[in-house]
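Chemist:
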Amino acid sequence: MGVSALLNTPDQLSKIVPHLIAFSKDANPQVRMHGKQTLLSLSQDPNFDRQMKKSISESEYKAVKEILGDIDRKGGIDSLDSTSVSLGASLSRSGSIRKAVQRKLPDNVQLDLDEIKADLTAAGWERRIGGLKRFLEMTITAPKAIASDTKLMEAFIGRLNDINSKVSLEGLDTYLASLGILSK
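Taking full-length UniProt numbering, the leading residue of the sequence shown gets 1, the next gets one more, and so forth.
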């Protein structure tokens, strides 16, 4: 639904404006930014004031005008919330930097994953088939370890359309067998 269509449907407008006001005052900077952007795009329509006065209550109209006034005073949406949105992704509420939690796999599991990856990308087709069989075995014993290793998954996906038809067929069989296990 476009801006003019929304403004010309008073019942829809009366339903959405209270939500946009709430979004514009939300604690989450991204939600706040999107609420303000939507109100700003609605306000660009020449029929905005007239339709808003007809569709929403006086208090809601004042709240919308206040939000739009804040946007104008602070120089638009970009200067208003761009810093808070970008900081919000890396800072917690206390202001400290979030640290990614790295769960280290046991050395023997990581070694097995590296060997399987090497087998899957090997030059010889027999070794690639062996890598597919080891991939399936490892999928059964440690599915989370397999799913967390993106480079291993990329090497496995490459075997699905291998130049050697035997490897490709084995890759498809392995894919079918491991799909249910990895999806859990």
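All C-beta atoms, glycine included, are put in the ideal place defined by N, C-alpha and C.
#1: Given residue 133, which residues of its chain have a CB within under 8 Å of its CB, disregarding the five upstream and five downstream residues?
#2: Count the other CB atoms, across all protein chains shown, that sit within 10 Å of the CB of residue 150; report buried if there are 16 or more and exposed otherwise.
#3: Can you check which of these residues, 168, 9, 107, 35, is closest to residue 21 by C-alpha distance?
#4: I think residue 145 touches residue 120, with their Cβ atoms under 8 Å apart; what is that distance to the nearest whole Å?
#5: Put residue 131 into one of helix, strand or coil per three-state DSSP.
#6: With a 10 Å radius around its C-beta and 16 neighbouring C-beta atoms as the bar for buried, classify residue 91 as buried or exposed.
#7: Give me the Cα-Cα distance between residue 37 and residue 23, rounded to the nearest whole angstrom.
#8: Within 10 angstroms of the Cβ of residue 70, are there 16 or more other Cβ atoms? Answer buried if so, exposed if not.
#9: Mind reading off the beta-carbon distance from residue 152 to residue 116? Whole number of angstroms is fine, and I expect it under 8 Å.
#10: Output yes or no for whether 9 Å exceeds the beta carbon distance between residue 122 and residue 131.
#11: Quick check on the DSSP output: the alpha helix (DSSP H) that includes residue 18 runs from which residue to which?
#12: Cβ atoms of residue 6 and residue 52: under 9 Å apart, would you say?
#13: What residues in its chain sit with their C-beta under 8 Å from that of residue 167, if we drop five residues either side in the sequence?
#14: Could you check if residue 162 is buried or exposed, using at least 16 other CB atoms within 10 Å of its CB as the buried criterion?
#15: The alpha helix (DSSP H) that contains residue 178, what's its start and end?
#16: Which whole-angstrom value describes the C-beta separation of residue 17 and residue 45, a residue pair presumed to lie in contact below a C-beta threshold of 8 Å?
#17: Measuring only the C-alpha atoms, how far is residue 157 from residue 181?
#18: If you run the structure through DSSP and keep just helix, strand and coil, what is residue 146?
#19: Mapping DSSP to helix, strand and coil, what is residue 46?
Modeler: Based on what the coordinates show:
#1: 170, 174
#2: exposed
#3: 35
#4: Contact flag wrong, Cβ pair sits at about 15 Å.
#5: helix
#6: For residue 91, the predicted structure reports a pLDDT of 46, less than 50, and the residue's modelled location is therefore unreliable. The matter cannot be settled from this model.
#7: Between residue 37 and residue 23, the alpha-carbon positions lie close to 10 Å from each other.
#8: exposed
#9: 6 Å
#10: yes
#11: 10–24
#12: no
#13: Excluding sequence neighbours, residue 167 sits near 125, 128, 129, 132, 159.
#14: buried
#15: Note, residue 178: alpha helix (DSSP H), 165–182.
#16: Incorrect: roughly 14 Å between the Cβ atoms, too far for contact.
#17: 16 Å
#18: helix
#19: DSSP places residue 46 outside both helix and strand once states are collapsed to three, so it counts as coil.
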